[in-house]
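Read left to right, the sequence shown gives residues 1 to 162 (UniProt numbering).
The structure appears right after this line, and notes come after that.
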Amino acid sequence: MQPSMNIFSLHGCPPSYLSHFPTSSPFCVEGQNPNPFYTFQTSVNSPQFMSLSNSTSDEAEENHSDIVNERKQRRKVSNRESARRSRMRKQRQVDDLWSQVLWLRNENHQLLHKLNRVLESHEKVIEENAQLKEETSELKHVISDMQLQIQSPFSCFRDDVA
């Protein structure tokens, strides 16, 4: 089966740039075709068609390879840009993490300082508490001695009574 080229001409006959192709239409007379939608076939075995076909094929192949190369270039550029954005994002994350490390170290230092102050205060309070307990014990003992002296039945024999 031979390939055919279908061209629909609104003017009746094929355009002038196709005049070197023989038409199989018996109805085209003096550049006029009574049927405006007539399909005509070209001879694909003619040397003119073969050279046009080869050059068209070469041009199409070259055009296709240009398109493929252009796509590859766009992909490379896109990949480079994506990699650059990824590196920038990673650098931002590292910077943020370092910032967080510094903030946390500072916070830790402040908390340790506060803890040391609280521990010192705690020790002072414990010492004061022990001292107060000792004083309380002594005072209880003094009160107890006083109560015993007041309740003693022989209080009249005391030396200090005049």
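Using N, Cα and C, we set each Cβ at its ideal position, and we do this for glycine too.
Predicted model, so just to flag it, every value in this text is computed and none were measured.
- How long is the line joining the alpha carbons of N129 and L115, rounded to whole angstroms? Here residue 129 is taken as the residue at index 129 of the sequence shown, counted from 1. Here residue 115 is taken as the residue at index 115 of the sequence shown, counted from 1. Each residue's alpha carbon lies about 20 Å from the other.
Alpha carbon of E123 to alpha carbon of S152, nearest angstrom:
The residue labelled residue 123 in the question sits at position 123 within the sequence shown. The residue labelled residue 152 in the question sits at position 152 within the sequence shown. Roughly 43 Å separates the two Cα atoms.
Original post:
Out of curiosity, what's the CA-to-CA distance linking K72 and D96?
Top reply: As a working note, residue 72 is residue 72 in the sequence shown. As a working note, residue 96 is residue 96 in the sequence shown. Answer to the nearest angstrom: the Cα atoms are 35 Å apart.
What's the gap between the Cα of H109 and the Cα of Q93? Within the sequence shown, numbered from 1, the residue matching residue 109 stands at position 109. Within the sequence shown, numbered from 1, the residue matching residue 93 stands at position 93. C-alpha separation (whole angstroms): 24 Å.
Could you give the distance in angstroms between the alpha-carbon of V77 and the alpha-carbon of A60?
Residue numbering aside, residue 77 sits at position 77 when the sequence shown is read from its first letter. Residue numbering aside, residue 60 sits at position 60 when the sequence shown is read from its first letter. Going by the C-alpha atoms only, they are around 25 Å apart.
Rounded to whole angstroms, what's the CA-CA distance from H126 to T136? Just pull it up for me. Here residue 126 is taken as the residue at index 126 of the sequence shown, counted from 1. Here residue 136 is taken as the residue at index 136 of the sequence shown, counted from 1. For the sequence presented, residue 126 should be read as Ile rather than His. Cα to Cα, I126 sits roughly 15 Å from T136.
(request) For S152, name the three-state secondary structure that DSSP assigns. (result) Along the sequence shown, read from residue 1 onward, the residue named residue 152 stands at position 152. Taken through DSSP and simplified to helix, strand or coil, S152 comes out as coil.
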